[in-house]
Amino acid sequence: MIALPQPKTDVLDRRDAVHEGLRALLPARAVITDPSRLKPYETDGLSAYRQMPLAVVLPESTEQVAAVLRFCHQNGVRVVPRGAGTSLAGGALPLADAVVVGMMRMNRILDVNYADRYAVVQAGVTNLGITKAVEADGFFYAPDPSSQLACMIGGNIGMNSGGAHCLKYGVTANNVLGIKLVTIEGEILELGGAHLDTAGYDWMGIVIGSEGQLGIATEITVRLLRAPEGTRAMLAAFKSNEIAGRCVDAIIGSGIIPVALEFMDRPAIHACEAFAKAGYPLDAEAMLIIEVEGSVEEQDSLLGRIKEICGRFDPISLKVSQSAEESAAIWKGRKGAFGAIGRISPDYLCMDGTIPTSTLPEVLRRIGEMSEQYGLGVANIFHAGDGNLHPLIMFDANNPESMHKAEAFGADILKLCVEVGGCLTGEHGVGVEKRDLMSVQFTETELDQQRRVKTAFDAGWLLNTAKVFPLKPGTDTTPAPIPHAA
Amino acid sequence: MIAPSDEAGLVAAIEAAAAARTPLTIEGLGSKAGFARPVQTAETLSTRNLTGIPLHAPQELIVSARAGTTLAALEAKLAEAGQHLIAEPPHYAFLGAEAQTVGGIIATNLSGPRRIAWGAMRDHVMGIRAVTGRAEVIRSGGRVLKNVTGLDLCKLFTGSYGTLGVMSEVTLKVLPAPEATGTVLLAGLDAATAVKALSAALGSPFSVTGAAHLPQAAAAALGHARSITIARIEDFTDSVHYRIGRLAGIWSGFGAVEQLDTTASLALWRAVRDAAPLALRDGDAVWRVSVQPSAGPAILDMARGAGLDGYLDWGGGLVFLSGPGGETAHAAIAAATRRAGGEWWLLRAPDALRHRPDALPPEPEAMAAIRRRVAAAFDPAGILNPGRLHAA
Chain A
61 MIALPQPKTD
71 VLDRRDAVHE
81 GLRALLPARA
91 VITDPSRLKP
101 YETDGLSAYR
111 QMPLAVVLPE
121 STEQVAAVLR
131 FCHQNGVRVV
141 PRGAGTSLAG
151 GALPLADAVV
161 VGMMRMNRIL
171 DVNYADRYAV
181 VQAGVTNLGI
191 TKAVEADGFF
201 YAPDPSSQLA
211 CMIGGNIGMN
221 SGGAHCLKYG
231 VTANNVLGIK
241 LVTIEGEILE
251 LGGAHLDTAG
261 YDWMGIVIGS
271 EGQLGIATEI
281 TVRLLRAPEG
291 TRAMLAAFKS
301 NEIAGRCVDA
311 IIGSGIIPVA
321 LEFMDRPAIH
331 ACEAFAKAGY
341 PLDAEAMLII
351 EVEGSVEEQD
361 SLLGRIKEIC
371 GRFDPISLKV
381 SQSAEESAAI
391 WKGRKGAFGA
401 IGRISPDYLC
411 MDGTIPTSTL
421 PEVLRRIGEM
431 SEQYGLGVAN
441 IFHAGDGNLH
451 PLIMFDANNP
461 ESMHKAEAFG
471 ADILKLCVEV
481 GGCLTGEHGV
491 GVEKRDLMSV
501 QFTETELDQQ
511 RRVKTAFDAG
521 WLLNTAKVFP
531 LKPGTDTTPA
541 PIPHAA
Chain B
96 MIAPSDEAGL
106 VAAIEAAAAA
116 RTPLTIEGLG
126 SKAGFARPVQ
136 TAETLSTRNL
146 TGIPLHAPQE
156 LIVSARAGTT
166 LAALEAKLAE
176 AGQHLIAEPP
186 HYAFLGAEAQ
196 TVGGIIATNL
206 SGPRRIAWGA
216 MRDHVMGIRA
226 VTGRAEVIRS
236 GGRVLKNVTG
246 LDLCKLFTGS
256 YGTLGVMSEV
266 TLKVLPAPEA
276 TGTVLLAGLD
286 AATAVKALSA
296 ALGSPFSVTG
306 AAHLPQAAAA
316 ALGHARSITI
326 ARIEDFTDSV
336 HYRIGRLAGI
346 WSGFGAVEQL
356 DTTASLALWR
366 AVRDAAPLAL
376 RDGDAVWRVS
386 VQPSAGPAIL
396 DMARGAGLDG
406 YLDWGGGLVF
416 LSGPGGETAH
426 AAIAAATRRA
436 GGEWWLLRAP
446 DALRHRPDAL
456 PPEPEAMAAI
466 RRRVAAAFDP
476 AGILNPGRLH
486 AA
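Sequence order for the protein chains is A and B.
If you're matching positions, the first sequence starts at 61 in our numbering and goes up one per residue.
If you're matching positions, the second sequence starts at 96 in our numbering and goes up one per residue.
Okay, here's the thing in structure tokens:
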């Protein structure tokens with residue numbers, strides 16, 4: 061059970077005045093106050109938690125965002141920024157006394173420059189929408205979170221989103237050149253631009269991944285990359301997690317950096333195969349999907365080297381794709397993983413820790429032990445190149461005890477990730493979900509230092525209150541529990 | 096000079112300085128003391144004795160080094176495992192023989208030619224340990240490659256010139272060094288045409304990892320008769336052969352394309368990385384300018400009009416300039432860079448330039464207010480490198 065701060069009664073008492081104030085600043089279509097129309101905004105990708113907001117605004121320009129934030133700042137009203145609402149960590153969960161600022165109407169691509177390889181887009185453009193706009197010309201935007209069809213670049217800035225191809229191309233922070241940021245005081249700041257290095261403090265670096273704590277990004281300049289000539293995948297299956305882990309080490313050790321290196325454990329293989337009929341080997345304990353890029357000859361050469369390395373680890377099966385169709389078939393099961401788990405379990409929690417890759421066998425063994433203790437199934441999907449582990453915990457949300465156990469199981473996994481030298485979250489963010497675990501990873505001194513940076517941007521702690529940082533008197537008011545969804 | 100050999104020594108030194116409100120100059124080996132704005136204090140705190148490489152996990156692409164470890168020592172350690180620093184940090188020739196530290200490279204966020212393809216130093220700092228101006232030890236990030244837990248103070252410290260805290264240890268992502276390096280070269284192009292050629296190379300599917308243009312004077316310093324325009328591929332040997340061949344095809348419309356092998360390529364790109372093409376006389380200033388690539392040639396032209404020399408890296412987006420360090424020249428560079436939406440740094444300059452309000456790009460007041468509050472959040476007494484980045 062995660063506590064949220066007590067709503068500010070003085071703000072709730074001024075509900076009508078706040079609504080009126082917002083209507084004075086924005087077109088009528090941009091202000092939502094009717095409960096039936098607020099309902100879709102009461103939750104995000106962490107749908108077990110729900111809370112109706114005070115109001116939702118859907119601004120259509122940077123100036124409108126600035127006007128709303130200035131108004132909220134002057135009136136002591138909390139603000140919850142929201143993109144597509146796909147956060148798995150509850151990053152866009154509303155508060156009863158907060159105005160949700162939804163960015164979906166700022167959905168235009170403002171500029172595409174191939175000579176200098178960048179695009180300027182509004183925060184409500186979807187992640188995939190950027191690539192779709194430039195792919196006919198051979199370019200792409202690199203970070204590719206699983207939710208890329210829906211998630212918005214503004215939310216990607218908030219969470220520093222990653223994806224399956226980070227090992228080669230990096231995460232959001234490595235692929236953004238400029239941000240137009242609106243502060244809680246309504247100031248519009250230009251961070252970076254279309255150039256590579258910025259002088260002074262790295263404001264973009266601290267804003268990206270700050271989960272809406274420091275301001276709201278309205279326009280983003282992203283790097284565009286030229287797509288490779290082609291990509292191709294192979295599949296390798298092994299008799300144990302440990303052997304597969306050693307094979308990953310050997311591939312990286314050989315100097316090859318595949319564009320993707322995905323690991324699935326036995327439960328994940330079985331769930332995905334049942335769902336997608338991708339031809340995965342059901343007798344394997346662990347499986348790797350390895351993707352390389354380049355010309356056909358280069359792909360052949362790299363896959364040949366990798367196949368030779370895999371061959372040293374007594375594989376159960378090795379399948380090198382011979383075509384784009386065969387590559388798609390290899391990916392089909394992995395990409396359908398969430399749907400596959402959804403079919404065998406009424407609900408699942410998708411965890412997101414990172415571990416030093418060498419600790420994978422130990423971590424999977426201990427997760428297996430926890431799975432037995434809690435009596436809940438778990439399937440593990442792992443970005444093996446960068447150590448980002450996604451255990452999918454299966455439970456039944458209609459059963460409060462099952463829900464409670466799943467949350468406790470998830471917390472134990474994340475504590476284990478920290479214990480072996482990793483971290484609580486690799487790409488989903490802290491949100492409300494992992495907020496109270498922050499003290500597992502950080503000392504109070506370290507958290508206070510982060511809190512002081514937050515305060516330097518937002519002295520009244522109005523922006524996305526009660527996310528990221530464990531509640532503390534002086535930064536948040538007394539916590540009140542928020543009920544799980546019925 | 097206070098030069099502790101452990102983190103506890105850093106804490107003690109900063110604690111004492113904070114209590115007495117005595118400002119400290121923060122440095123490693125002091126090689127970059129001439130960058131940005133000058134600091135004058137009675138006492139200096141150096142990381143030079145905080146050395147060593149406590150962790151190198153080649154298969155996890157991770158290395159940790161204490162801040163005072165020399166860059167050369169770290170590079171040698173990585174080379175033993177066939178790895179390298181991804182951002183290719185420079186050993187600027189004009190810094191002299193003085194060694195530089197890992198902490199110094201991070202604190203100034205300096206990257207070499209590979210930055211155009213693989214990111215800057217700031218992109219590869221996975222974790223830091225630092226002592227803040229409050230004399231508190233903090234960690235940010237960690238020793239894994241993917242981490243979004245909490246605010247990313249690693250990014251804030253990278254490029255902060257020692258004004259927020261003193262880093263005691265940093266953890267970096269590293270990569271396998273390439274098996275081979277190849278270069279395509281065009282001679283005699285003017286800068287505007289050169290940047291078009293570089294744009295074509297960078298917009299190709301062949302993963303170009305270096306893209307530079309040296310006008311005649313800069314090329315002459317490396318023994319070339321005419322300007323040179325160069326693009327680099329780093330990969331396995333067969334891929335380098337293939338990709339260099341394809342790039343030569345893309346460039347065939349610009350003139351005769353020469354191809355350089357690994358040995359020649361390594362020497363050439365090291366020179367580009369280290370600003371070696373700048374022929375410096377005593378008293379010359381050195382500027383570094385970051386703009387969008389197509390704006391590079393105009394900056395270079397403007398500078399030539401002001402009696403300066405220079406060259407372009409990062410496809411045109413990084414401009415090195417050098418020449419007599421007059422205030423008129425600086426004002427012209429600042430104005431042209433602003434018009435192009437870019438930013439500038441002084442790497443070497445007379446004090447008159449270093450004290451100017453526009454020694455670094457001026458900030459809007461709203462940004463400056465946040466910057467002062469953030470700095471005070473780490474260093475409330477203002478004792479760490481005061482004035483190094485901003486006068487106030």
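Glycine included, each C-beta is placed from N, C-alpha and C at the ideal position.
Exercise. Can you name the start and end residues of the beta strand (DSSP E) that R283 (chain A) belongs to?
Worked result: I276 to R283
Exercise. Beta strand (DSSP E) containing I109 (chain B): first to last residue?
Worked result: No beta strand (DSSP E) holds I109 (chain B); the alpha helix (DSSP H) holding it covers E102 to A115.
Exercise. Around the Cβ of A540 (chain A), are there at least 16 other Cβ atoms within 10 angstroms (buried) or fewer (exposed)?
Worked result: Here A540 (chain A) scores only 48 on pLDDT, less than 50, and its place in the model should not be relied on; the value that follows carries that caveat. A540 (chain A) is exposed by the Cβ-count criterion.
For this session: Count the C-beta pairs between the stretch 524 to 532 of chain A and the stretch 96 to 115 of chain B that are closer than 8 Å, then say yes if the count reaches three, no if not.
Result: no
Exercise. How would you call E271 (chain A), buried or exposed, if buried means at least 16 neighbouring beta carbons within 10 angstroms?
Worked result: buried
Exercise. Applying a beta-carbon distance threshold of less than 8 Å, which residues of chain B neighbour G486 (chain A)?
Worked result: V239, K241, N242 and V243
Exercise. With a Cβ-Cβ cutoff of 8 Å, do I109 (chain B) and A230 (chain B) count as a contact?
Worked result: yes
Exercise. Does the Cβ-Cβ distance between T281 (chain A) and Y174 (chain A) come in under 8 Å?
Worked result: no
For this session: Could you confirm whether any beta carbon from chain A is found closer than 8 Å to the beta carbon of A152 (chain B)?
Result: yes
Exercise. Where does L209 (chain A) land, buried or exposed, given buried means 16+ other C-beta within 10 angstroms?
Worked result: exposed
Exercise. Are the C-beta atoms of A540 (chain A) and some chain B residue less than 8 Å apart?
Worked result: Residue confidence is low: A540 (chain A) scores 48 on pLDDT, short of 50, so the model does not pin down where it sits. No coordinate-derived value is stated.
Exercise. With distances taken between CB atoms, is the gap from T142 (chain B) to G123 (chain B) smaller than 8 Å?
Worked result: yes
For this session: Could you tell me whether the stretch 493 to 506 of chain A touches the stretch 444 to 454 of chain A, using the rule of 3 or more Cβ pairs below 8 Å?
Result: no
For this session: Compute every distance between the C-beta of A447 (chain B) and the non-hydrogen atoms of the ligand GTP, then say whether any falls below 7 Å.
Result: In the structure on display, the ligand GTP does not appear, and there are no ligands present to speak of.
Exercise. Does DSSP put C483 (chain A) in a helix, a strand or coil?
Worked result: strand
For this session: Determine whether the Cβ of Q501 (chain A) lies closer than 8 Å to any Cβ atom of chain B.
Result: yes
Problem set entry | Cross-chain neighbours of T253 (chain B) in chain A, by beta carbon under 8 Å | D262 and G265
Exercise. From the beta carbon of C332 (chain A), is the nearest beta carbon of chain B less than 8 Å away?
Worked result: no
Exercise. Between B:E155, B:A114 and B:G283, which lies nearest to M221 (chain B) when the distance is taken from Cα to Cα?
Worked result: B:E155
Problem set entry | Three-state secondary structure assigned by DSSP to W521 (chain A) | coil
Exercise. On the three-state DSSP scale, how would you describe F373 (chain A)?
Worked result: coil
For this session: Could you work out which residues of chain A lie near N204 (chain B), taking near to mean beta carbons separated by less than 8 Å?
Result: D257 and D262
For this session: Could you tell me whether the stretch 140 to 157 of chain A touches the stretch 250 to 257 of chain A, using the rule of 3 or more Cβ pairs below 8 Å?
Result: no
For this session: Can you grab the Cα-Cα spacing for the pair V423 (chain A) / A293 (chain A), in whole Å?
Result: 27 Å
Exercise. Would you call the stretch 284 to 299 of chain B and the stretch 341 to 348 of chain A in contact, with 3 or more CB pairs under 8 Å?
Worked result: no
Exercise. Along chain B, in chain order, which residues have C-beta atoms closer than 7 Å to that of R177 (chain A)?
Worked result: L297 and G298
Exercise. Are any of the Cβ atoms in chain A nearer than 8 Å to that of D42 (chain B)?
Worked result: As displayed, chain B neither begins before 96 nor continues past 487, which places residue 42 (chain B) out of reach and without an answer.
For this session: Can you give me the Cβ contacts of D171 (chain A) inside the same chain, cut-off strictly under 6 Å, excluding the 5 residues immediately before and after it?
Result: V180
Problem set entry | Interface residues of chain B facing T414 (chain A) [CB-CB closer than 7 Å] | V239, K241 and N242
For this session: Taking all protein chains shown into account, decide if E329 (chain B) is buried (16 or more other Cβ within 10 angstroms of its Cβ) or exposed.
Result: buried
For this session: Could you check what DSSP says for G412 (chain B) in three-state terms: helix, strand or coil?
Result: coil
For this session: Please list the partners that Y337 (chain B) has in chain A, where partner means a Cβ-to-Cβ separation under 8 Å.
Result: S355, E357 and E358
Problem set entry | Which of helix, strand or coil DSSP assigns to Y408 (chain A) | strand
Exercise. In angstroms, rounded to a whole number, what distance separates the CA positions of T253 (chain B) and I339 (chain B)?
Worked result: 34 Å
Exercise. Which whole runs of the beta strand (DSSP E) in the stretch 390 to 441 of chain A are 3 residues long or more, in chain order?
Worked result: 407 to 410
For this session: Specify the secondary structure class of L148 (chain A) as computed by DSSP and reduced to three states.
Result: coil
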